[in-house]
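Using my numbering, read the sequence shown as starting at 20 and increasing by one per residue.
Idealized CB from N, CA, C, for every residue including glycine.
All figures in this text were calculated on a predicted structure; none of them were measured in a lab.
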Amino acid sequence: LMVNISPSSSKAILLPSGDQLKELDPNRLPFLGLGSTDYSEEYPVEKYEAFFAGLGVRLLGRLREINRIRIDNAQFLRTGLEGTPRLVLPSSREDTLPVYLRFPMRILDEERRDHCIAELNRIGISASPSYPGAINDIPKIRSGLRKEDAELSAGRVLARQIATLPTHHYVRRDDLAKMVDVLRRECA
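Right, here's the structure in full:
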């Protein structure tokens, strides 16, 4: 399926379809920039291109299905990882049903966390540490904080421990099982 990126441009992208889409490995698409977060304070405010507006409307119509898959995938991970030493799983109130865009967890040792992320990425799972550091260590934010707030260490500890796993609807059941296997083995 060939799709124009912009109606006013000759640029187009080739999108997989059917069975090809199920086999798509996002880690093999470097232009997605998975695992990196680039911030820019300068961006134009304008209307979406027709393609992206249509894509958004289409996905909105599938939101319940997409959320259900994310919830099911997160539940599979939670069930498989419960009781794993050196691993802290997220908790939620019983009267809530979180939809995890990514499944967060804390691996209590930073070196072990980095090893787990590297091992998961090696086998094609887009695990990530999520935060490069604590928010109170960002210079522009730190300068506006009171001294006692600028020295809080909990954010630094969390940034060194947190890792997240994909829960999107293209994650296959065997990928989820691989995530559980790697983390149970490496955190035992």
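Notebook entry, point to check: Hey, Asp156 and Arg125: beta-carbon distance below 8 Å or not?
Noted result: Contact: no.
Check: For Val199 versus Leu100, is the C-beta spacing smaller than 8 Å?
Finding: Result yes, Cβ atoms of Val199 and Leu100 sit closer than 8 Å.
Next item on the list: Express the C-alpha separation of Tyr62 and Pro117 in angstroms, rounding to a whole number.
Entry: Rounded to whole angstroms, Pro117 and Tyr62 show a C-alpha spacing of 31 Å.
Next item on the list: Hey, could you find the ends of the beta strand (DSSP E) Arg121 is sitting in?
Entry: Annotation for Arg121: the continuous beta strand (DSSP E) segment containing it runs 121-126.
Check: Does the count of Cβ pairs from the segment 188-199 and the segment 153-173 closer than 8 Å reach three?
Finding: The way I'd put it, the segment 188-199 doesn't touch the segment 153-173; fewer than three beta-carbon pairs between them come closer than 8 Å.
Note to self: Count Cβ pairs between the segment 103-113 and the segment 71-91 that sit closer than 8 Å; are there 3 or more?
What the structure shows: Contact fails: fewer than three Cβ-Cβ distances are below 8 Å.
Note to self: Quick check on the DSSP output: the beta strand (DSSP E) that includes Ala182 runs from which residue to which?
What the structure shows: Here the beta strand (DSSP E) through Ala182 covers 181-185.
Next item on the list: Ignore the nearest five residues each way along the sequence and tell me which others in Ala178's own chain have a CB closer than 6 Å to its CB.
Entry: Answer for Ala178: Tyr150, Gly152, Ala153, listed in chain order.
Notebook entry, point to check: Could you give the distance in angstroms between the alpha-carbon of Leu202 and the alpha-carbon of Leu120?
Noted result: Distance between the alpha carbons of Leu202 and Leu120: 19 Å.
Checklist line | Beta-carbon gap between Pro148 and Arg132 smaller than 8 Å | finding: Going by C-beta atoms, Pro148 is nearer than 8 Å to Arg132.
Notebook entry, point to check: Straight-line CA distance for Ser145 to Lys159?
Noted result: Computed Cα separation, rounded: 30 Å.
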